[in-house]
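Residue numbers (our numbering): 3 to 307.
Note that beta-carbon positions come from the ideal geometry of N, C-alpha and C, so glycine has one too.
Every value quoted in this text rests on a predicted model; they were computed, and no experiment measured them.
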């Protein structure tokens, strides 16, 4: 069957439904002669009449009745499929893949995703918790969440978290045994817990400010970990000093399980951002999630909203 056959079958069904070439033409938005020619052409190709014409009536022949009965369910299914496809073009559905650090995944993404999934149940969300900065294209992710300081230039970013102060912390037991550093130079005689960046396979250099000047220091690593929770656990166990985002240890500081040092040298970093690739058209699922984050209290707090 070619495209002409399909078009003429639609005309045949319209004529049968309306019982008139004129009314069928009006329904189809075509001229009456064009409708008559379509039926005549279809009959010629099939080699038999499909409609009985008289001055007073127009009705299907037996062959026409059989054809209409067989084709109507198929045409209805086709129209439904096309309608569903048009509707789904702008309706969020399908997979949405997001890579994130653990802290924003638990405290920002998860609350927003619960509301998002209630509004868009046809979207299948997969959150990949991964330390370090990931290339979205290389890992097949639609979006990621990282600190603003670590964003590449070729991404679009939405701020979803407040500024993050840095803290250098240790367990009281470690402080009793070794004391606490008072200057950056004092770090050379302390055990420091290193943090290995999974994305770069390098040990992170601690970042400080001295006056207005940023300072990047390597340190003596008695222990190196590659996970934020393990880093905090090691500090709590007395393994040494840890350089961390202050919100990750705030409860421990307030409870006295950790103590803080080198505060005048600790910077404040730009907060968490949702980032995604530059493109003229985002997927409906990603667009809907971005708008959900713009409105959600867990993310709006980071923008002063």
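Give me, in chain order, the residues of the same chain whose beta-carbon lies closer than 6 Å to that of residue i; leave out the 5 immediate sequence neighbours on both sides.
| i | result |
| --- | --- |
| residue 285 | none |
| residue 61 | 54 |
| residue 38 | 23 |
| residue 48 | none |
Might you give, ordered along the chain, the residues of its own chain that have their beta carbon closer than 7 Å to the beta carbon of residue i, omitting 5 neighbours on each side?
| i | result |
| --- | --- |
| residue 307 | Residue placement at residue 307 is flagged as unreliable, the pLDDT there being 47, under the threshold of 50; a coordinate-derived value is accordingly withheld. |
| residue 183 | 189, 192, 263 and 264 |
| residue 293 | none |
| residue 63 | 51, 52, 53 and 54 |
| residue 288 | 98, 144, 145 and 278 |
| residue 396 | Lying outside 3 to 307, the shown extent of the chain, residue 396 is not represented and no answer is given. |
| residue 46 | none |
| residue 153 | 159, 275 and 277 |
| residue 20 | 26 and 29 |
Can the beta-carbon of residue i be found closer than 8 Å to that of residue j?
| i | j | result |
| --- | --- | --- |
| residue 133 | residue 242 | no |
| residue 237 | residue 172 | yes |
| residue 129 | residue 111 | yes |
| residue 267 | residue 227 | no |
| residue 17 | residue 9 | no |
| residue 300 | residue 114 | yes |
| residue 166 | residue 260 | no |
| residue 233 | residue 244 | yes |
| residue 222 | residue 193 | yes |
| residue 210 | residue 249 | no |
| residue 258 | residue 174 | yes |
| residue 235 | residue 94 | no |
| residue 131 | residue 104 | yes |
| residue 14 | residue 44 | yes |
| residue 224 | residue 176 | no |
| residue 163 | residue 106 | yes |
Note down, in chain order, each residue of its chain lying with its Cβ closer than 8 Å to the Cβ of residue i, except the 5 sequence neighbours on either side.
| i | result |
| --- | --- |
| residue 157 | 138, 277, 278, 279 and 280 |
| residue 150 | 159, 161, 271, 272, 273, 274 and 275 |
| residue 12 | 30 and 77 |
| residue 212 | 186 and 267 |
| residue 204 | 198 |
| residue 36 | 27 |
| residue 6 | 43 |
So what does DSSP say about residue i, is it helix, strand or coil?
| i | result |
| --- | --- |
| residue 168 | strand |
| residue 126 | strand |
| residue 146 | strand |
| residue 28 | helix |
| residue 244 | strand |
| residue 2 | Since the first residue shown for the chain is 3 and the last is 307, residue 2 is missing from the structure and cannot be characterised. |
| residue 307 | Only weak support is given to the placement of residue 307: the predicted model assigns it a pLDDT of 47, under 50, and the value that follows is read from those uncertain coordinates. DSSP places residue 307 in coil when its eight states are reduced to three. |
| residue 212 | strand |
| residue 273 | coil |
| residue 259 | coil |
| residue 61 | strand |
| residue 54 | strand |
| residue 21 | coil |
| residue 4 | coil |
| residue 290 | helix |
| residue 230 | helix |
| residue 153 | coil |
| residue 163 | coil |
| residue 85 | helix |
| residue 33 | coil |
| residue 285 | coil |
| residue 173 | coil |
Provide the residue(s) that pair with residue i in DSSP beta bridges, ordered along the chain.
| i | result |
| --- | --- |
| residue 158 | 278 |
| residue 220 | Looking at the DSSP assignment, residue 220 forms no beta bridge with any residue, so it has no partner. |
| residue 204 | 199 |
| residue 225 | 195 |
| residue 268 | None, per the DSSP bridge assignment. |
| residue 131 | 102 |
| residue 72 | Note: residue 72 sits in no beta bridge, so no partner. |
| residue 97 | 126 |
Answer with yes or no whether the minimum CB distance from residue i to chain D is below 8 Å.
| i | result |
| --- | --- |
| residue 289 | Of the chains in the structure shown, none is chain D; there is only one protein chain. |
Stretch-stretch touch, CB-based, cutoff 8 Å, three pairs: the segment 140-147 with the segment 95-105 | Contact between the segment 140-147 and the segment 95-105 is present: three or more C-beta pairs spanning the two stretches fall below 8 Å.
Touching or not, the segment 108-123 and the segment 211-224, by the rule of three or more beta carbon pairs under 8 Å?
-> The answer is no - the segment 211-224 does not touch the segment 108-123, with fewer than three Cβ pairs under 8 Å.
Could you tell me whether the segment 25-39 touches the segment 65-79, using the rule of 3 or more Cβ pairs below 8 Å?
-> Touching, no, given that fewer than three Cβ pairs across the two stretches are closer than 8 Å.
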